[in-house]
Structures are given as C-alpha cells and as structure tokens.
Amino acid sequence: MFKLIASLKNGFTFNLKSLSKVSSGIIVAYAATQNAFGFRGFVKAFVHARYNDNIFGGWYNEGKFYFDSCRVFTDRTAAIEFGRENGQIAIFDLDNLEEIRL
Numbered sequence: 072m073f074k075l076i077a078s079l080k081n082g083f084t085f086n087l088k089s090l091s092k093v094s095s096g097i098i099v100a101y102a103a104t105q106n107a108f109g110f111r112g113f114v115k116a117f118v119h120a121r122y123n124d125n126i127f128g129g130w131y132n133e134g135k136f137y138f139d140s141c142r143v144f145t146d147r148t149a150a151i152e153f154g155r156e157n158g159q160i161a162i163f164d165l166d167n168l169e170e171i172r173l
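Just so we're aligned, residue 72 is where the sequence shown starts under this note's numbering, counting upward by one.
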C-alpha cells in the first residue's frame with residue numbers, strides 16, 4: 072500500500088472510512104502529523120487519521136513524499152482558523168484547486 076500511495080506524486084486525499092478519494096472541500100492538516108515523510112511518516116499519519124477524522128493525504132516535494140492526517144471543511148473561515156491553530160502555512164481548496172496561504 073505504501074508503494075502505491077508513494078507513486079501518486081501529484082498528491083492525494085483519501086477518506087479511510089468510506090475508502091474513497093476526497094474530491095471536494097478545503098483540506099487542512101493536523102499539526103500532529105507535520106513533517107511526516109517516508110514509511111514512518113506514512114504510518115504516523117495513517118494511524119492519526121484513523122483515530123481522528125479518517126482523512127489521509129500526501130504529496131511529493133523535493134525528493135520526499137509527505138503524509139498528513141487532515142480534516143475537510145466546507146466553510147473557508149473555519150478551515151483558515153483550524154489551519155492557523157495547527158500552525159499550517161497553507162491549506163488547499165479542492166473545489167477551486169487553490170492553495171490558500173495563511
């Protein structure tokens with residue numbers, strides 16, 4: 072599973088409960104899985120996601136695959152607030168394919 076997910080270099084957001092790709096909403100990562108990369112990061116983010124919102128994401132950047140446990144928001148203001156509370160520098164709006172810098 073790690074190899075399959077790590078091959079998705081353009082990134083992904085997956086709902087572990089429904090076993091489906093998340094394609095709508097504003098994605099915000101938890102601070103608890105900040106800088107989770109490689110196999111250990113995969114496990115850390117996956118376990119955190121299972122015990123929280125069941126949203127697991129990842130992306131490839133500068134030679135490393137990063138993984139996050141995330142929340143999905145429909146309200147931009149709430150997403151920005153959660154992002155700031157979790158020390159994020161940006162969040163991602165899937166509906167508009169837009170990075171929102173915080």
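Cβ atoms here follow ideal geometry from the backbone N, Cα and C, with glycine treated the same way.
Query: 7 Å Cβ shell around residue 164 - same chain, five flanking residues per side excluded; Result: 97 and 171
Query: Closest residue to residue 138 among 89, 100 and 93 (Cα-Cα distance); Result: 100
Query: Three-way DSSP call (helix, strand, coil) for residue 145 in this model; Result: coil
Query: Helix, strand or coil at residue 129 according to DSSP, with G and I counted as helix; Result: strand
Query: Helix, strand or coil at residue 160 [DSSP, three-state]; Result: coil
Query: Simplified DSSP assignment, three categories, for residue 118; Result: helix
Query: For residue 88, the nearest candidate out of 136, 142 and 81 (CA to CA); Result: 142
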